[in-house]
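Counting from 4, one number per residue, gives the positions in the sequence shown under the working numbering.
Comments concern the structure below.
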Amino acid sequence: MGRFATTVQYYARYREPYPKAFFAQVAARLGLTGEEELIDVGCGPAPLAIGFAPFVAECTGVDPESGMIAAARSAAREAGIRLKLIQARVEELPETTGTFDVAVIGRALHWMQPGPALRVVERLVKKDGAVAICGSSVASSPVNPWAEPYDEIRRRWSLEKDERRYRMNLDSWFAPSRFHLADQVTVNERHELSIDDLIGRAYSRSTTSPAVIGDRRAAFEAEITAAVKPFAQNGVLQEEIRAHAMIFREKDLQVRL
Ligand SMILES: C[S@@+](CC[C@H](N)C(=O)[O-])C[C@H]1O[C@@H](n2cnc3c(N)ncnc32)[C@H](O)[C@@H]1O
């Protein structure tokens, strides 16, 4: 069982979403024409593949977790999107996987082995193709005063005390490759959510998954509720999220020589 196995039932519903405008803006910056083949690496329930599907011809998702593959299959069916799925770690993808115009990786790069994963990503992406490293998280904004006490609880209960894994330097990750950072897109969006949504979101993270919290769920949920309740009005919290894409493209030939 992988570390995401027990997060599956919470992931698609509660994890910070990618706004619709994010897909449109990234698609425009990538210059997508609707003819491209896209691969979503570390797809989980495939929010990226599904979001980008209207802008490309074909989508493929890759994830090692069987529950995530099943969640991606049902999310794609619900969205009416054809999604090819491969259950594998990116590092183990065979040559027969083919090549793609765009590879998207959302909130997953830090779980991959830098050297071996990079070699496969280089092989997967066609010449003149692009890699978009994406994420969506709570914005640092006065709209979210509940975020600090919420994160404090999440960190205290977390399986992983060392959060350096999440602060990646993408320039150095891609430095040995033919890609360099060419563009960035940020889209912020506001919406409302409930305390139960924040509890579900905590369970969608591998660091505070149901498997990690175990039989202490009542205490965990009570702490979250007590911390964020003062910020809710009639049970409703405001949230601003920030979705971000860093677009890596082929290095200029002159730079490579
Ligand atoms: C936090 S989820 C991200 C899901 C989705 N891409 C998103 O943006 O919300 C991370 C996913 O990466 C997958 N993963 C972990 N290690 C991986 C690897 N070596 N190769 C491919 N996927 C991996 C996990 O199974 C999990 O589904």
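Beta carbons: idealized from backbone N, C-alpha and C, even for Gly.
Since the model is a prediction, treat every value here as computed from it, not as a measurement.
Cα atoms of residue 182 and residue 255: separation of roughly 9 Å, rounded to the nearest angstrom. Here the C-alpha atom of residue 245 lies approximately 34 Å from the C-alpha atom of residue 97. Set against 7 Å, the gap from the CB of residue 5 to the closest heavy atom of ligand 1 is smaller. Here residue 84 carries a coil assignment [DSSP, helix/strand/coil]. Secondary structure of residue 23 (DSSP, three-state): helix. Rounded to whole angstroms, residue 105 and residue 165 show a C-alpha spacing of 32 Å. Counting C-beta pairs closer than 8 Å gives three or more between the segment 89 to 96 and the segment 111 to 124, which meets the contact rule.
Taking 8 Å as the cut-off, the beta carbon of residue 74 is found no closer than this to the beta carbon of residue 64.
Taking 8 Å as the cut-off, the beta carbon of residue 177 is found no closer than this to the beta carbon of residue 132. Linking residue 43 to residue 159 through their CA atoms gives a straight-line distance of about 32 Å. A Cβ-Cβ separation of about 19 Å leaves residue 24 out of contact with residue 136 under the 8 Å criterion.
For residue 19, the closest alpha carbon among the candidates 11, 219, 243 and 31 is that of 243.
Shortest gap from the CB of residue 231 to any heavy atom of ligand 1: 7 Å or more. With fewer than 16 neighbouring CB atoms inside 10 Å of its own CB, residue 80 falls in the exposed class. Taking every protein chain shown into account, the CB of residue 66 has 16 or more other CB atoms within 10 angstroms, so this residue is buried.
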